[in-house]
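Peer 1:
Numbering (our numbering), first residue to last: 196 to 679.
#1: Are the stretch 511–518 and the stretch 441–452 touching, with three or more C-beta to C-beta distances below 8 Å?
#2: Measuring CB to CB, does residue 660 end up less than 8 Å from residue 611?
#3: Quick one: Cα of residue 281 to Cα of residue 289, how far?
#4: Here's the rule I'm using: 16 or more other beta-carbon atoms within 10 Å means buried, otherwise exposed. How should residue 497 be labelled?
#5: Would residue 407 be called buried (16 or more neighbouring beta carbons within 10 Å of its own) or exposed?
#6: Within 8 Å, do at least three Cβ pairs link the stretch 231–241 to the stretch 355–366?
#7: In terms of alpha-carbon separation, which member of 579, 220 and 413 lies closest to residue 563?
#8: Relative to the C-alpha of residue 545, which candidate in 526, 566, 532 and 559 has its C-alpha closest?
#9: To which residues of the same chain is residue 551 closer than 7 Å at the C-beta, ignoring the five residues directly before and after it?
#10: Measure the CB-CB distance between residue 279 and residue 307 and report whether it falls below 8 Å.
#11: Starting from the C-beta of residue 553, find all residues in its chain whose C-beta is less than 6 Å away, skip the five residues before and the five after it, and write them out in chain order.
#12: Got a sec? Which residues, its chain only, sit under 7 Å from residue 638 by beta carbon, not counting five neighbours each side?
#13: Taking 7 Å as the cut-off, does the CB of residue 231 come closer than this to any heavy atom belonging to the ligand SAH?
#14: Looking at the structure shown, is residue 256 part of a helix, part of a strand, or coil, going by DSSP?
#15: Express the C-alpha separation of residue 644 and residue 350 in angstroms, rounding to a whole number.
#16: Rounded to whole angstroms, what's the CA-CA distance from residue 210 to residue 445? Just pull it up for me.
#17: Taking its Cβ as the centre, do 16 or more other Cβ atoms sit within 10 Å of residue 215, making it buried, or is it exposed?
#18: Less than 6 Å between C-beta atoms, sequence neighbours within five positions excluded: which residues of the same chain meet that for residue 442?
#19: Pairing CB atoms from the stretch 644–653 with CB atoms from the stretch 584–591, are three or more of them under 8 Å?
#20: Quick check for students: name the residue ranges of the alpha helix (DSSP H) that lie wholly in the stretch 315–379, counting only runs of 4 or more.
#21: Whose CA, out of 335, 560 and 276, lies closest to the CA of residue 261?
#22: According to DSSP, which residues form a beta bridge with residue 230?
#23: Using CA coordinates, which residue listed in 588, 549, 555 and 572 is at the minimum distance from residue 531?
#24: Can you round the beta-carbon distance between residue 384 and residue 362 to whole angstroms, since I take them to be within the 8 Å contact cut?
#25: Mind listing, in chain order, the continuous alpha helix (DSSP H) runs of no fewer than 4 residues lying wholly within the stretch 284–317?
#26: Taking the alpha-carbon of residue 212 as reference, which of 652, 303, 286 and 246 has the nearest alpha-carbon?
#27: Using CA coordinates, which residue listed in 538, 577 and 522 is at the minimum distance from residue 547?
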């Protein structure tokens, strides 16, 4: 784990120092400003606030029903530049187009990016394309009618797409590949997989499979000398569920399980809606659903509800086990659990309403109440409140088992339960580093920490410890086996 976080630390440094540069100005060859860095950032905020990451994608990260706007802009701009060359009598213009897009004209001293005149002309035409697409007076794309009609909004949104497309084709200084390692594959600019991508992809697979095999081999051979160990319980007994009296906090936790059930049902309904859109964008059994519930809103709620009910189930499960672990319950513990229940309901309801208002354009981009990145869609205010709620939960856990923590070794199950629980709020809080106006690469890096470390790692790690504890309490396994 130490080595793993050391590698993650290196990635943090590289992300902040080697990401694609955000220019102050983007100009054509005559020096005319096409758009600014501030407009790129505002376009990025619009992309989040109007739920476009839950419709299409940028740099490959998003929903995929709509286009990847990086790839689409790159394709449209290369086609337009090719047509301009052909209009000048150049029949075979591929090499000229490749050179035009792969040449890096960014000046790090002035922080100015130069587009060729042909690229500038293509930008103006593509801006009109997006004005037509987002201003469509129907729901045929699964979006709201007249979703974005402001010319300033369209210009800034196109600027954001253009910047990512430039980074996908322009060569990184000192290398023969782009800032995105030649992603997306685009033959018009000679974008294709580089040798390092192939080598490291193969090596990572070998290390994953080989490392897993080595870990099991070592543990199987020396399991008596390594791993977690604890003294055996003197007796193992099983009590009928009806014989176990529930404490106040456990009764309060039952209400959280009830909320989990409602959220799970709502998520499945949203999931069915999302999949229906993939089969028929134009109607829902004859009803024009997108006027009320467009695809990007349905998918936003689907993703958010899945995270809410999953996390809430883990929190409730942890609270429910506390009296069984400590054999006692602190005074007024149930009050804190009811407070956590109220906070959960408030955050879920408030974030879902604000996401809808943000996608409808009622809430402006870039504020505390506007939608953010995929998987971190809940607006900033509710993200902060959810983080506070998770730390309230770990405080409840600490109160519930602190008597056991005082008397047990840090290598035993109570401490494992607490440490893995502490990782849940700690690693969710990392998502606060991904601001709405953060550099795209930086924000996406921290977003991936939440997706791949919080959702796919530490929640599962806490689940493993929780299930192991349940098996010990039921007498199914001995504590030494559970620690193993």
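All C-beta atoms, glycine included, are put in the ideal place defined by N, C-alpha and C. Predicted model only: the values in this text are computed from it and were never measured.
Peer 2: Taking the definition as stated:
#1: yes
#2: yes
#3: 10 Å
#4: buried
#5: exposed
#6: yes
#7: 579
#8: 566
#9: 492
#10: no
#11: 244, 565 and 566
#12: 568, 629 and 630
#13: Among the components of this structure there are no ligands whatsoever, and the ligand SAH is therefore not found.
#14: strand
#15: 31 Å
#16: 44 Å
#17: buried
#18: 518 and 524
#19: no
#20: 346–364
#21: 335
#22: 221
#23: 588
#24: The Cβ separation is near 12 Å, so there is no contact.
#25: 289–297
#26: 303
#27: 577
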